[in-house]
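S.K.:
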């Protein structure tokens with residue numbers, strides 16, 4: 001069954017946004033082929049369990065020039081994408097979790113990108129890409145070291161190899177394994193080797209005298225079941241996990257970065273050799289560069305949302321500025337049009353004032369009705385006839401109104417006289 005069919009077949013009814021969950025999971029599976037979708041129980045801190053969709057598998061990580069497969073599990077909560085996923089590192093039987101600033105001892109991953117999670121700026125594929133970048137700086141797992149024997153203690157390797165992660169000068173992590181034959185290229189240095197004294201003065205470390213080579217200790221302490229850190233072997237640092245279901249990749253081993261456990265070497269009598277000035281400078285420079293890169297990434301993750309909000313504000317301000325500029329241009333056009341109309345009105349006012357002044361100076365006995373005249377005699381006859389006809393009609397109307405009032409008043413007086421006469425004569429009233 002394909003990933004799309006598996007996701008579609010599962011019940012996503014309790015998810016608030018099932019379509020977004022299906023879309024993001026499908027995109028993540030297409031981008032990272034070694035991840036597999038699952039529907040499993042997620043145990044919370046209070047002991048309760050929830051059935052959640054998860055992505056289980058490995059992601060490729062570029063670490064110290066080589067590519068390794070880091071096993072992880074990503075759980076999607078019901079409120080996704082408005083709630084960030086939960087990421088765990090799931091080591092195999094041959095791996096062990098290496099706690100760091102972003103991974104705790106239980107394998108829980110906590111990143112600023114997840115803390116500042118905000119939809120739709122953050123998504124599942126980008127989260128996995130951030131995990132690749134963070135794990136590329138600090139590996140979250142390392143291989144379990146095999147138990148050492150007394151023979152391995154008495155016969156250290158001939159080529160000096162650095163144990164642990166990035167060396168820092170003046171610390172116990174600068175220990176090197178050397179042979180008593182002094183076949184290492186460090187024996188060709190002009191200065192005699194000066195041992196580096198660890199910070200812990202009570203540490204059980206064998207320190208040779210100046211000018212002497214590596215010597216077999218007089219008595220070899222019994223070290224039962226003390227894990228020996230493995231030397232870096234980036235070609236094949238791991239053997240295949242025996243009981244692996246998701247991380248099994250046929251006959252190929254899962255390459256993982258090797259990191260030593262400093263506590264396992266605290267009681268082993270190693271010889272201590274020092275570096276020359278140039279090697280110490282390069283070591284310090286590399287450590288400082290790694291620290292600066294880590295702080296830089298933390299700052300980028302912390303201020304990513306702020307930068308995005310500032311960009312959105314900048315875009316809104318730019319759009320608002322364009323609208324304001326368009327409004328200013330329209331207002332300028334309206335102002336120009338109003339100025340033109342005002343000039344036209346002023347010219348007409350001046351013309352009227354000049355005409356009025358001429359009329360006052362020419363003759364004061366002119367007839368106002370003669371000011372308005374027609375353009376032809378026929379039109380003049382039409383206007384005069386229409387005016388006279390309307391005047392006669394108005395006269396008839398007002399004369400009729402006047403006669404009606406006069407006759408009505410006389411009629412009222414006559415009726416009153418009749419009523420008084422009938423009353424005197426003893427006749428019934430009308």
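Numbering (full-length UniProt numbering), first residue to last: 1 to 430.
We put the beta carbon where it would ideally sit given N, CA and C, even for glycine.
Just curious, the beta strand (DSSP E) that residue 374 is in, first and last residue?
M.R.: Taken as a continuous stretch (DSSP letters only), residue 374 belongs to no beta strand (DSSP E), as it is neither H nor E.
S.K.: Determine, using beta carbons only, whether residue 22 and residue 40 come nearer to each other than 9 Å.
M.R.: For residue 22 and residue 40, no; Cβs fall outside 9 Å.
S.K.: From the DSSP output, in three-state form, read off residue 17 for me.
M.R.: Looking at residue 17 - three-state DSSP - the assignment turns out to be coil, as it is neither helix nor strand.
S.K.: Beta carbon of residue 73, beta carbon of residue 55: below 9 Å?
M.R.: In contact: residue 73 and residue 55 (Cβ atoms closer than 9 Å).
S.K.: Which word fits residue 439, buried or exposed, when buried means at least 16 other C-beta atoms lie within 10 angstroms of its C-beta?
M.R.: One cannot answer for residue 439 here, as it falls past the ends of the chain, which runs 1 to 430.
S.K.: Sort 70, 418, 118, 356 by Cα distance to residue 132 and report the nearest one.
M.R.: Among 70, 418, 118, 356, the Cα nearest to that of residue 132 is on 70.
S.K.: Over what stretch of residues does the alpha helix (DSSP H) that includes residue 38 continue unbroken?
M.R.: Not the alpha helix (DSSP H): residue 38 falls in the beta strand (DSSP E), residues 35-43.
S.K.: Where does residue 96 fall in DSSP's three states?
M.R.: Looking at residue 96 - three-state DSSP - the assignment turns out to be strand.
S.K.: Could you name the residues of the same chain whose beta carbon sits closer than 7 Å to that of residue 110, not counting the 5 residues immediately before and after it, in chain order?
M.R.: If we look at residue 110 and ignore the five residues flanking it on each side, its Cβ neighbours are 102.
S.K.: Take residue 94 as the anchor and find which of 143, 29, 339, 328 has the nearest alpha-carbon.
M.R.: Taking only the C-alpha atoms, the option nearest residue 94 is 143.
S.K.: Using a 10 Å radius around the Cβ and a threshold of 16 neighbouring Cβ atoms, would you call residue 399 buried or exposed?
M.R.: Classification for residue 399: exposed.
S.K.: Give a yes or no on whether the C-beta atoms belonging to residue 305 and residue 116 are separated by under 9 Å.
M.R.: Closer than 9 Å, so yes.
S.K.: Candidates 139, 112, 394: which alpha carbon is nearest residue 91's?
M.R.: Among 139, 112, 394, the Cα nearest to that of residue 91 belongs to 139.
S.K.: Reducing DSSP to helix, strand and coil, say where residue 24 ends up.
M.R.: Helix at residue 24.
S.K.: So what does residue 62 bridge to, in DSSP terms?
M.R.: According to DSSP, residue 62 bridges with 67.
S.K.: Following the continuous alpha helix (DSSP H) through residue 142, name the residue where it begins and the one where it ends.
M.R.: Looking at the DSSP string, residue 142 is not in any alpha helix (DSSP H); the run it does join, the beta strand (DSSP E), is 141-143.
S.K.: Return the first residue and the last residue of the alpha helix (DSSP H) that residue 301 is part of.
M.R.: Residue 301 -> alpha helix (DSSP H) spans 277-302.
S.K.: Do residue 77 and residue 88 have their C-beta atoms closer together than 9 Å?
M.R.: Cβ atoms of residue 77 and residue 88: not closer than 9 Å.
S.K.: What residues are listed by DSSP as bridge partners for residue 415?
M.R.: Note: residue 415 sits in no beta bridge, so no partner.
S.K.: Buried or exposed: where does residue 176 fall if 16 or more other Cβ atoms within 10 Å of its Cβ makes it buried?
M.R.: Reliability fails at residue 176, whose pLDDT of 35 lies under 50, so the model's placement of it is uncertain and the value that follows must be treated cautiously. The residue is buried, with at least 16 neighbouring Cβ atoms inside 10 Å.
S.K.: From what residue to what residue does the beta strand (DSSP E) around residue 87 run?
M.R.: 86-89 is the span of the beta strand (DSSP E), which, as asked, contains residue 87.
S.K.: Who are the Cβ neighbours of residue 130 in its own chain at under 7 Å, not counting the five residues just before and after it?
M.R.: Closer than 7 Å at the Cβ level, and outside the excluded window around residue 130, lie 111, 113.
S.K.: Going by Cα to Cα distance, which pick from 408, 82, 145 is closest to residue 97?
M.R.: Nearest C-alpha to residue 97: 145.
S.K.: Grab the span of the alpha helix (DSSP H) containing residue 129 for me, first residue to last.
M.R.: 124-137 is the span of the alpha helix (DSSP H), which, as asked, contains residue 129.
S.K.: Please go through the same chain and pick out, in chain order, the residues whose beta-carbon is closer than 6 Å to the beta-carbon of residue 124, but skip the five residues on each side of it.
M.R.: 24, 28.
S.K.: Thinking C-beta only, is residue 81 closer than 9 Å to residue 120?
M.R.: It is a contact, given that the beta carbons lie within the stated cut-off.
S.K.: When the Cα atoms are used, what is the spatial distance from residue 381 to residue 393?
M.R.: Each residue's Cα considered, the two are about 18 Å apart.
S.K.: Identify whether residue 49 lies in helix, strand or coil by the three-state DSSP scheme.
M.R.: It is a strand residue.
S.K.: Give me whichever residues DSSP pairs with residue 74 in a beta bridge.
M.R.: According to DSSP, which records beta bridges pairwise, residue 74 is partnered with 55, 87.
S.K.: Sort 15, 59, 47, 341 by Cα distance to residue 33 and report the nearest one.
M.R.: Residue 33 has its Cα closest to that of 59, out of 15, 59, 47, 341.
S.K.: Excluding the 5 residues flanking residue 422 on each side, which residues of the same chain have their C-beta closer than 8 Å to its C-beta?
M.R.: 428, 429, 430, listed in sequence order.
S.K.: Quick one: what's got a C-beta closer than 8 Å to residue 383's C-beta in the same chain, skipping five residues either side?
M.R.: Once the five neighbours on either side are set aside, the close Cβ partners of residue 383 are 374.
S.K.: Could you check the C-alpha separation between residue 16 and residue 53 for me, to the nearest Å?
M.R.: Distance between the alpha carbons of residue 16 and residue 53 is about 13 Å.
S.K.: Whole angstroms are fine: how far does the CA of residue 42 sit from the CA of residue 12?
M.R.: Cα to Cα, the separation comes out at about 16 Å.
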